[in-house]
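Input: a single structure, listed below in structure tokens.
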Amino acid sequence: MNPVAFFFTCVGIFPFSISNTRVTPAAPKTIYEIPLPDGYERKQVQENSFAKYLQQLSLKNDRTVYLYNGKPKTNQSAQYAVLNISVGNKDLQQCADAVMRLRAEYLKKQNKPICFADNNSKKYCWDDYRHRGWQTYLDVVFGMCGTASLEKQLNKKSWKALAAGDVLIKGGSPGHAVIVLDVACHSSTGEIIYLLAQSYMPAQDIHVLKNTNNKSLSPWYSASSVNIISTPEWTFYESQLRSWP
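In the working numbering, the protein residues as written are 568 to 812.
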């Protein structure tokens with residue numbers, strides 16, 4: 568077995584596996600362990616906040632994105648890493664559903680009320696489904712709510728105030744949604760960068776997106792990009808940024 572060395576950085580301690588020929592960074596096991604570009608530091612977040620919860624999400628060792636039916640997704644070039652969260656065995660946990668899933672899991676962990684509304688403003692609350700179980704509740708939410716209804720629930724937000732937990736969303740059919748997982752800032756220039764995650768159609772593993780337009784920065788995205796946020800499978804606009812009420 569090769570020895571393991573630990574190198575100190577501004578954001579903690581990262582293990583590096585040492586071989587006889589090269590030093591290779593170990594794969595990140597959580598969102599927080601995803602390496603930062605030189606000169607950047609993660610923004611401080613409060614304990615028990617949604618941002619903190621997102622940083623602590625665990626990642627799978629296997630970077631393959633699988634569909635709900637167990638088959639690999641055709642496009643395997645969009646993801647940097649895969650979240651260790653079940654996709655279920657139904658074609659339900661798609662784009663907006665993945666965003667709602669992460670929010671719901673956080674609220675459940677904090678013992679806070681969980682409610683999502685459909686297009687007719689009918690609410691589906693966890694307390695009303697508790698007797699039927701968590702997965703049943705999620706399936707109902709995913710089946711009745713989507714990008715159009717979620718967009719109505721969220722608040723418009725200035726791009727300059729971008730934060731972890733925010734959502735880029737285009738409601739409708741077709742529509743899409745991705746969630747901001749983490750945010751960092753350059754210590755001298757003040758430039759903001761961020762991570763994005765998505766599910767897609769058909770229902771598939773939630774995954775951290777690559778930045779295919781800036782491979783040297785990937786998987787991070789620069790918030791300085793003007794107006795357009797181009798992800799591997801969808802293009803968003805700054806005006807589509809939303810936050811939770």
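Just so it is clear, CB atoms sit at the ideal spot from N, CA and C, and this is done for glycine as well.
Out of Ser625, Lys627, Leu808, point me to the one whose CA is closest to Lys723's CA.
The residue labelled residue 723 in the question sits at position 156 within the sequence shown. Closest by alpha carbon: Leu808.
So, for Leu729: in the same chain, excluding its five sequence neighbours on each side, which residues have a beta-carbon less than 8 Å away from its beta-carbon?
Position 162 of the sequence shown, counted from the first residue, corresponds to residue 729. Val747, Val750, Ile759, Tyr761, Ala790, Leu808.
Which of the three DSSP states, helix, strand or coil, is assigned to Asp658?
To locate residue 658, count along the sequence shown from 1; it is residue 91. Correct three-state label for Asp658: coil.
Between the alpha carbons of Lys596 and Leu626, how many angstroms are there, rounded?
Taking the sequence shown and counting its residues from 1, the one referred to as residue 596 is at position 29. Taking the sequence shown and counting its residues from 1, the one referred to as residue 626 is at position 59. So the two alpha carbons sit approximately 5 Å from each other.
Less than 6 Å between C-beta atoms, sequence neighbours within five positions excluded: which residues of the same chain meet that for Leu603?
As a working note, residue 603 is residue 36 in the sequence shown. For Leu603, where only same-chain residues beyond five positions count, the Cβ hits under 6 Å are Ala751.
For the stretch 627-690, list the beta strand (DSSP E) runs that are entirely contained and at least 3 residues long, ordered along the chain.
The qualifying runs are 646-649, 682-684.
Evaluate Met667 with the Cβ neighbour count: other Cβ atoms within 10 Å of its Cβ, from every protein chain shown; 16 or more gives buried, anything less gives exposed.
The sequence position of residue 667 within the sequence shown is 100, counting from 1. Buried, because 16 or more other Cβ atoms sit within 10 Å of the Cβ of Met667.
Using the beta-carbon count (16 or more within 10 Å), is Ser806 buried or exposed?
Translated into positions along the sequence shown, residue 806 becomes position 239. So Ser806 counts as exposed.
Alpha carbon to alpha carbon, what distance is there between Leu621 and Cys682?
Stepping through the sequence shown from its first residue, residue 682 is reached at position 115. Stepping through the sequence shown from its first residue, residue 621 is reached at position 54. Going from the Cα of Cys682 to the Cα of Leu621 covers about 19 Å.
Can at least three beta-carbon pairs, one atom from the stretch 762-781 and one from the stretch 653-665, be found at a separation below 8 Å?
Yes: the two stretches touch, three or more of their Cβ pairs being nearer than 8 Å.
Answer yes or no: do Ala764 and Val745 have a C-beta to C-beta separation smaller than 8 Å?
Residue mapping note: residue 764 aligns to position 197 of the sequence shown, counting from 1. Residue mapping note: residue 745 aligns to position 178 of the sequence shown, counting from 1. Yes, Cβ-Cβ distance for Ala764 and Val745 is below 8 Å.
Using the Cβ count rule (16 or more neighbours within 10 Å means buried), how would you classify Arg589?
Position 22 of the sequence shown, counted from the first residue, corresponds to residue 589. Residue confidence is low: Arg589 scores 49 on pLDDT, short of 50, so the model does not pin down where it sits. No coordinate-derived value is stated.
Could you tell me if Arg697 is buried or exposed, where buried requires 16 or more neighbouring beta carbons within 10 angstroms of its beta carbon?
Counting from one through the sequence shown, the residue named residue 697 turns up at place 130. Exposed, by the Cβ-count rule.
Of the residues Ala684, Ser783, Glu672, which one's Cα is nearest the Cα of Cys712?
Stepping through the sequence shown from its first residue, residue 712 is reached at position 145. Closest by alpha carbon: Ala684.
Rounded to the nearest angstrom, what separates Val654 and Asp772 at their Cα positions?
Sequence index remark: in the sequence shown, residue 654 carries index 87 (1-based). Sequence index remark: in the sequence shown, residue 772 carries index 205 (1-based). Val654 and Asp772: Cα-Cα distance of roughly 5 Å.
What runs of the beta strand (DSSP E), each 3 residues or longer, lie entirely inside the stretch 731-765?
Runs found: 734-737, 743-753, 759-765.
State yes or no: is the C-beta of Phe617 within less than 8 Å of the C-beta of Tyr691?
Taking the first residue of the sequence shown as position 1, residue 617 is located at position 50. Taking the first residue of the sequence shown as position 1, residue 691 is located at position 124. Not in contact: Phe617 and Tyr691 (Cβ atoms no closer than 8 Å).
In three-state terms, what does DSSP make of Tyr564?
Because the chain in this structure spans residues 568 to 812, residue 564 falls outside the shown range and cannot be described.
Along the chain, where does the beta strand (DSSP E) that runs through Val775 open and close?
Looking up residue 775 in the sequence shown gives position 208. Looking at the DSSP string, the run of the beta strand (DSSP E) that includes Val775 is 774-776.
Would the beta-carbon of Thr714 fall within 8 Å of that of Gly739?
Position 147 of the sequence shown, counted from the first residue, corresponds to residue 714. Position 172 of the sequence shown, counted from the first residue, corresponds to residue 739. For Thr714 and Gly739, yes; Cβs fall inside 8 Å.
In angstroms with no decimal places, state the Cα-to-Cα distance between Gly700 and Lys676.
Counting from one through the sequence shown, the residue named residue 700 turns up at place 133. Counting from one through the sequence shown, the residue named residue 676 turns up at place 109. Straight-line Cα distance between these residues: approximately 15 Å.
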